[in-house]
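J.: Chains as they are written, first to last, in our numbering: chain D, 1191 to 1415; chain Y, 326 to 579.
Ideal Cβ positions, reconstructed from N, Cα and C, are used throughout, including at glycine.
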Amino acid sequence: MSVAAPILLSLKVAAVATVLTFLVGLGLARIFATRRVPLRGVWEGLLLLPLVFPPTITGYLLLVLLGRRGLLGGLLAQAGLQVVFTWSAAVIASFIVSLPLMYQNCKAALRSVEPQYAGAARTLGVSEGRIFRRITLPIAAPGILAGTALSFARALGEFGATLMTAGNIPGRTQTIPLAIYTAVEGGRSRDANILLGVTVVISFVLVAVVGWAERRMFFPGKDAK
Amino acid sequence: MKSRLAVLVLLLAVARFLPAAPEITLSAAASLTNVLQDLEAPAEAYCGARVLLNLGASGTLRRQIEEGAPVDVFFSAARLDMDQLQKKGLIVPQTRVDLLGNSLVLVGGPEARPVPGKGDLQALLQSASVLAIGDPEAVPAGRYAKEALSAWGLWDLVASKTARAASVREALQFVQSGSAPVGIVFKTDASSAVPAGSVKVLFSFPNEILSTPIVYPVAVVSATSNRAAAEKLVRFLRGDTARQAFLAAGFTVP
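1. Residues of chain Y with CB under 8 Å from residue 1250 of chain D, in chain order?
2. Taking all protein chains shown into account, decide if residue 423 of chain Y is buried (16 or more other Cβ within 10 angstroms of its Cβ) or exposed.
3. Check the DSSP bridge columns for residue 416 of chain Y and list the partner residues they point to.
4. Please list the terminal residues of the continuous beta strand (DSSP E) segment that includes residue 351 of chain Y.
5. Comparing the C-beta of residue 1376 of chain D with each C-beta of chain Y, is any distance below 9 Å?
6. Using a C-beta to C-beta distance shorter than 8 Å, which residues of chain D count as neighbours of residue 395 of chain Y?
7. Mind listing the chain D neighbours of residue 425 of chain Y? Cutoff is C-beta to C-beta under 7 Å, in chain order.
8. Given a limit of 8 Å on CB to CB distance, which residues of the segment 1209-1239 of chain D reach chain Y?
9. By Cβ distance, which residues of its chain are closer than 6 Å to residue 1488 of chain D, with the 5 residues on each side in sequence left out?
10. How far does the alpha helix (DSSP H) with residue 1358 of chain D in it extend, from its first residue to its last?
11. Quick check: the Cα distance between residue 425 of chain Y and residue 390 of chain Y, rounded to an integer number of angstroms?
12. On a Cα-Cα basis, can you pick out the residue from D/1379, D/1342 and D/1364 that is closest to residue 494 of chain Y?
13. Under 9 Å, do residue 417 of chain Y and residue 350 of chain Y count as touching if we go by C-beta distance?
14. Rounded to whole angstroms, what is the Cα-Cα separation between residue 488 of chain Y and residue 439 of chain Y?
15. Is the Cβ of residue 526 of chain Y closer than 9 Å to any Cβ of chain D?
16. Could you give the distance in angstroms between the alpha-carbon of residue 1156 of chain D and the alpha-carbon of residue 1193 of chain D?
17. Which residue's Cα is closest to the Cα of residue 1322 of chain D: D/1219, D/1285, D/1206 and D/1359?
18. Closer than 8 Å: is that where the CB of residue 1363 of chain D sits relative to any heavy atom of the ligand SAH?
19. Taking the beta strand (DSSP E) that residue 1308 of chain D falls in, what are its first and last residues?
20. Would you call the CB atoms of residue 525 of chain Y and residue 437 of chain Y closer than 9 Å?
21. Distance, Cα to Cα, residue 1256 of chain D vs residue 1245 of chain D?
22. May I ask you to list the residues that DSSP assigns as paired with residue 1346 of chain D?
23. What does residue 1358 of chain D touch in chain Y if you count any residue whose Cβ is under 7 Å from its own?
24. Measuring CA to CA, which of D/1278, D/1222 and D/1232 is closest to residue 1365 of chain D?
25. Just to confirm the assignment: which complete beta strand (DSSP E) runs, minimum length 3, are found wholly within the segment 375-459 of chain Y?
26. What number of angstroms, rounded off, separates the C-alpha of residue 475 of chain Y from the C-alpha of residue 481 of chain Y?
27. Helix, strand or coil for residue 487 of chain Y, going by three-state DSSP, please let me know.
28. I need the straight-line Cα distance from residue 1269 of chain D to residue 347 of chain Y, nearest angstrom please.
29. Grab the span of the beta strand (DSSP E) containing residue 594 of chain Y for me, first residue to last.
30. With a threshold of 16 other CB atoms inside 10 Å of the CB of residue 565 of chain Y, please say whether the residue is buried or exposed.
31. Near residue 570 of chain Y, what residues of its chain come up, given a Cβ to Cβ distance below 8 Å and the 5 sequence neighbours on each side ignored?
32. Out of D/1266, D/1301 and D/1351, point me to the one whose CA is closest to residue 1248 of chain D's CA.
33. What does the alpha-carbon distance come out to for the pair residue 1214 of chain D and residue 370 of chain Y?
34. Residue 533 of chain Y CB to nearest chain D CB: under 9 Å?
35. Whose C-beta lies closer than 8 Å to the C-beta of residue 1335 of chain D among residues of the same chain, with five residues either side of it excluded?
36. Taking buried to mean at least 16 other C-beta atoms within 10 Å of its own C-beta, is residue 451 of chain Y buried or exposed?
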């Protein structure tokens, strides 16, 4: 078994999933933090479910939804699209399980921004979009960054839901956690140990990148002045 | 930027219509991982198609087929899952074959002493602090272990001191790491333990004491989009090359 394929695939899946999680998580957090939403508790509860469910259950529900006999999968099949057993299924699984982490962090970060700043800008006639981009977002950035890092880490470690929906096909949908599972089941501890080591390295790189970004936000050096 | 994106989308759209080499997906029980990976290249040559292996617990693989995942051939570690698919008409019954057999063994650490007979087995189980087995509710190896011990009236003796693992490999790991002095696993798991000699087979259970034999059935999935290649793959798995590999891995071929 090649250990390079699962590493590249895992990074690709986690990266794409994190971009999606970032956009959707931040967007939802903005809506829920600033507007009155009817049935808010219901939506937030639904959003949190993937965090409470065992990933296998999330995966099972996704499989039921996306399978050829499923509601969404049937429509996609008519359009000639197959999601189950492809790497996009792995992206969807990672996206769903990491979304609650991104959402919660973004919501807390946006809520912590003092409303007076936005109010002051509003009296000067600044548009809402510009207020969000230029005032709220920079102040909330550390919390959003933490949510993004958590989401990426969660996506990278995703196992149960991925196994269910993307399958465990070496070279195609076998991510690092699935490859470790297969190596252990097959008694190939050497491959398992290599992949384990790689996971540890990726985690430390992630921590280093987040630390660097945080330092830039809290203590912008001379170059940032 | 926008034009580059447009080109990319166009390329992807075109790529979808290019003729690709035929592919067939074989969903196989995780315990078959090693032997099937060795057989991948000869199988592809025989079938004239790329063979994609999808590996997992038999129950998970069954669920995927039930939900319409694109699987062509199913190779299960238990009759139960295959029976359920057959009842729903999701496999082609004429293509179904009980391909492999396995047996149960009691394993211990490298310094443990083999058990010559049934009487000594009872004494050993009585003195052992823990017995590692797969969870009888979910893991086929655990279900068989419970059945074998019950048949000899030994289950009540050990039921309260079993460490129940989520897979047969985990049960083996309990013994390998010294967490459990003895465990019950399949013969093929014991012989593929790494490093070799980290566990010792202390006792082999005769297959006759089990009411349901340990077999690995294989069959073509009804929804296959390439029936000819799928049937070819099943023929390959029944052929001589595969047979040699299965025997070398410790399976029995009925």
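T.: Put simply:
1. Per Cβ cutoff of 8 Å: 388.
2. The C-beta of residue 423 of chain Y has fewer than 16 other C-beta atoms within 10 Å across all chains shown, which makes the residue exposed.
3. Residue pairing for residue 416 of chain Y: DSSP places it in a beta bridge opposite Y/546.
4. Unbroken beta strand (DSSP E) run through residue 351 of chain Y: 348-354.
5. Answer yes: the Cβ-Cβ gap between residue 1376 of chain D and chain Y drops below 9 Å somewhere.
6. Simply 1258, 1272, 1274 and 1275.
7. What residue 425 of chain Y touches in chain D: nothing, since even the nearest Cβ is about 16 Å away.
8. If you check each beta-carbon in the segment 1209-1239 of chain D against every beta-carbon of chain Y, none falls closer than 8 Å.
9. This structure gives no information on residue 1488 of chain D, because the portion of chain D shown stretches from 1191 to 1415.
10. That residue, residue 1358 of chain D, is in no alpha helix (DSSP H); it is neither H nor E in DSSP.
11. Using only the alpha carbons, I get a separation of about 21 Å.
12. Looking at the Cα atoms, D/1379 is the closest of the given residues.
13. No, these two residues do not count as a Cβ contact at 9 Å.
14. Cα-Cα distance, rounded: 21 Å.
15. Answer no: the Cβ-Cβ gap between residue 526 of chain Y and chain D never drops below 9 Å.
16. The structure shown does not extend to residue 1156 of chain D, since chain D spans only 1191 to 1415, so no value can be given for it.
17. If we check each option's Cα against that of residue 1322 of chain D, D/1219 comes out closest.
18. Among the components of this structure there are no ligands whatsoever, and the ligand SAH is therefore not found.
19. Counted as a single uninterrupted DSSP element, the stretch harbouring residue 1308 of chain D is not any beta strand (DSSP E) but the alpha helix (DSSP H) occupying residues 1305-1313.
20. Yes.
21. When rounded, the distance between both Cα atoms is 16 Å.
22. DSSP, once it has assigned bridges, lists no residue as partnering residue 1346 of chain D.
23. Chain-order list of chain Y residues neighbouring residue 1358 of chain D: 379, 380 and 381, by C-beta distance under 7 Å.
24. Of the candidates D/1278, D/1222 and D/1232, the one whose C-alpha sits nearest the C-alpha of residue 1365 of chain D is D/1278.
25. Listed in chain order, they are 375-381, 398-400, 422-426, 429-433 and 456-459.
26. Whole-angstrom Cα-Cα distance: 8 Å.
27. Residue 487 of chain Y sits in a strand when the DSSP states are folded into three classes.
28. Each residue's Cα considered, the two are about 21 Å apart.
29. The first residue shown for chain Y is 326 and the last is 579, placing residue 594 of chain Y beyond what the model contains.
30. With fewer than 16 Cβ atoms within 10 Å of its Cβ, residue 565 of chain Y is classed as exposed.
31. Excluding sequence neighbours, residue 570 of chain Y sits near 360, 363 and 364.
32. D/1351 is the residue among D/1266, D/1301 and D/1351 whose C-alpha sits nearest the C-alpha of residue 1248 of chain D.
33. Taking the straight line joining both Cα atoms gives about 46 Å.
34. Among the residues facing chain D, residue 533 of chain Y is not included, as its CB has no counterpart in that chain under 9 Å away.
35. So the list reads 1400, 1403, 1404 and 1407, once near-sequence residues are dropped.
36. Exposed, because fewer than 16 other Cβ atoms sit within 10 Å of the Cβ of residue 451 of chain Y.
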